[in-house]
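Asks: After the structure tokens below, expect a handful of questions from me.
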Amino acid sequence: MASKALPPALERLIADLSMLPGIGEKTATRLALSILRWPESRARELGEAITQLHSRIKLCTTCFTFSEDDPCAICGDPRRDHTIICVVEDPGDIIAIEKSGIFRGTYHVLHGAISPMDGIGPEDVKAKELIRRIEESKRAGGTEVKEVIIATSSTAPGEATASYLSDIIEKSGVKVSRIACGIPVGMDIKYADPHTLKQAISQRIALCESS
């Protein structure tokens with residue numbers, strides 16, 4: 011039931027904002043009231059920007075990230091190393107990796123992770139598209155993919171996805187690696203959970219070799 015304290019139009023905006031991830035009713039109310047205080051021209055610009063999300067943004071047909079161009083800026087950049095593909099679950103993961111400035115290869119977005127308990131199988135993510143991309147890279151004249159880095163999350167679905175992809179990619183003769191998981195930089199080890207500690211110890215690296 012709509013509140014008598016708020017106009018219906020404002021109630022609708024609050025309800026719509028509350029549907030966003032991590033936005034509760036209180037936060038949505040504050041955001042809606044802030045927008046209401048804006049000049050009408052600024053509010054219209056926001057509405058147009060939201061509308062253009064669907065009219066202008068599409069999926070890159072190579073890596074399946076969101077882009078206004080096809081191929082996207084990364085896939086179309088000859089300065090990137092096209093022999094290496096980093097596989098992520100979501101386009102937002104690319105933003106995080108790019109901010110690190112350490113990776114200069116290309117990406118492949120799965121748009122999800124394999125989770126049998128939730129009814130999500132390999133056919134529900136962009137797994138077959140990744141395999142096709144690897145196979146097509148081996149054709150004459152193309153840039154052959156040499157390594158695939160699996161950068162899915164360390165959750166159960168992320169690990170299941172990594173295991174599945176590793177098995178099928180290795181059959182194609184391409185090197186498969188997995189991003190390391192462990193103790194975050196700056197974290198006191200006694201505050202780490204058992205799963206994090208298990209990952210950190212099992213994926214330890216040698217600092218020096220004994221003679």
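Going by our numbering, the letters in the sequence shown line up with residues 11 to 221, in that order.
No residue lacks a Cβ here, since even glycine has one placed at the ideal position from N, Cα and C.
(1) I'd like the span of the alpha helix (DSSP H) that includes residue 37, first residue to last.
(2) Buried or exposed for residue 77, please, with buried defined as at least 16 other CB atoms from any protein chain shown within 10 angstroms of its CB.
(3) Beta-carbon separation of residue 164 and residue 191 under 7 angstroms?
(4) Provide the residue span of the alpha helix (DSSP H) that contains residue 174, from first to last.
(5) Would you check if the region 190-205 and the region 106-119 touch, i.e. whether three or more CB-CB distances between them fall below 8 angstroms?
(6) Along the chain, which unbroken stretches of the alpha helix (DSSP H) at least 4 residues long are found entirely within the region 95-168?
(7) My assumption, with CB atoms under 8 angstroms, is that residue 136 sits in contact with residue 119. Please give the rounded CB distance.
(8) Taking residue 144 as the reference, which of 46, 96, 88 and 195 has the closest Cα?
(9) Going by C-alpha distance, which of 31, 122 and 141 is nearest residue 167?
(10) Decide if the region 170-184 is in contact with the region 124-134; the criterion is three or more beta carbon pairs, one per stretch, under 8 angstroms apart.
(11) Just verifying my parser: in three-state terms, what is the DSSP assignment at residue 69?
(12) Applying the criterion that 16 or more other CB atoms from any shown protein chain within 10 Å of the CB defines a buried residue, is residue 195 buried or exposed?
(13) Using DSSP with H/G/I as helix, E/B as strand and the rest coil, what is residue 187?
(14) In whole angstroms, give me the CA-to-CA distance for residue 11 and residue 28.
(15) Is residue 192 helix, strand or coil when you go by DSSP?
(16) Under a CB-based cut-off of 7 angstroms, is residue 59 close to chain D?
(17) For residue 243, which residues in the same chain have their Cβ closer than 6 angstroms to its Cβ, ignoring the five residues on either side in sequence?
(18) Relative to the C-alpha of residue 80, which candidate in 67, 160, 90 and 174 has its C-alpha closest?
(19) Specify the secondary structure class of residue 202 as computed by DSSP and reduced to three states.
(20) Under 7 angstroms Cβ to Cβ from residue 92, same chain only, skipping five residues before and after it: list those, please.
(21) When DSSP labels each residue in this structure, what does residue 11 get in the three-state scheme?
(22) By DSSP's criteria, residue 74 is part of a beta bridge. Which residues make up the other side?
(23) Hey, out of 125, 25, 60 and 171, whose CA is closest to residue 140's CA?
Replies: Once the coordinates are examined:
(1) Within the sequence shown, the letter at position 27 stands for residue 37. Run containing residue 37: 35-47, per the alpha helix (DSSP H) assignment.
(2) As a first step, residue 77 is located in the sequence shown; it is residue number 67 there, counting from the start. Its Cβ being crowded by 16 or more others within 10 Å, residue 77 is buried.
(3) Stepping through the sequence shown from its first residue, residue 164 is reached at position 154. Stepping through the sequence shown from its first residue, residue 191 is reached at position 181. Their beta carbons are under 7 angstroms apart, which means residue 164 touches residue 191 by this criterion.
(4) Here the question's residue 174 lines up with position 164 in the sequence shown. From DSSP, the alpha helix (DSSP H) with residue 174 extends over 166-180.
(5) no
(6) 101-110 and 137-147
(7) Here residue 136 is taken as the residue at index 126 of the sequence shown, counted from 1. Here residue 119 is taken as the residue at index 109 of the sequence shown, counted from 1. Contact flag correct, Cβ pair sits at about 7 angstroms.
(8) Stepping through the sequence shown from its first residue, residue 144 is reached at position 134. Per the Cα distances, 96.
(9) Working through the sequence shown from its first residue, we reach residue 167 at position 157. If we check each option's Cα against that of residue 167, 122 comes out closest.
(10) yes
(11) Position 59 of the sequence shown, counted from the first residue, corresponds to residue 69. DSSP places residue 69 in strand when its eight states are reduced to three.
(12) As a first step, residue 195 must be located in the sequence shown, where it is residue number 185. The residue in question, residue 195, is exposed, as its Cβ has fewer than 16 Cβ neighbours within 10 Å.
(13) Here residue 187 refers to the residue found at position 177 of the sequence shown. Strand, per DSSP.
(14) Locating residue 11 in the sequence shown gives position 1, where the first residue counts as 1. Locating residue 28 in the sequence shown gives position 18, where the first residue counts as 1. Since pLDDT at residue 11 reaches only 45, below the 50 mark, its modelled position is unreliable, and no value is offered.
(15) Mapped onto the sequence shown, residue 192 falls at position 182. In this structure, residue 192 counts as coil in the three-state DSSP scheme.
(16) Included in the structure is just one protein chain, with no chain D present.
(17) Residue 243 falls outside the range modelled here, since the chain spans only 11 to 221, and no answer is possible.
(18) Here residue 80 corresponds to residue number 70 of the sequence shown, with the count starting at 1. Ranking 67, 160, 90 and 174 by Cα distance to residue 80 puts 67 first.
(19) Along the sequence shown, one-based indexing puts residue 202 at 192. Residue 202 falls in the coil class under three-state DSSP.
(20) Within the sequence shown, the letter at position 82 stands for residue 92. Excluding sequence neighbours, residue 92 sits near 116 and 153.
(21) Along the sequence shown, one-based indexing puts residue 11 at 1. Low confidence applies to residue 11: its pLDDT is 45, below 50, so where it sits in the model is not reliable, and the reading given next is rough at best. DSSP places residue 11 in coil when its eight states are reduced to three.
(22) Mapped onto the sequence shown, residue 74 falls at position 64. In DSSP, residue 74 forms no bridge with anything.
(23) Against the sequence shown, residue 140 aligns to sequence position 130. It is 171 whose Cα lies nearest to the Cα of residue 140.
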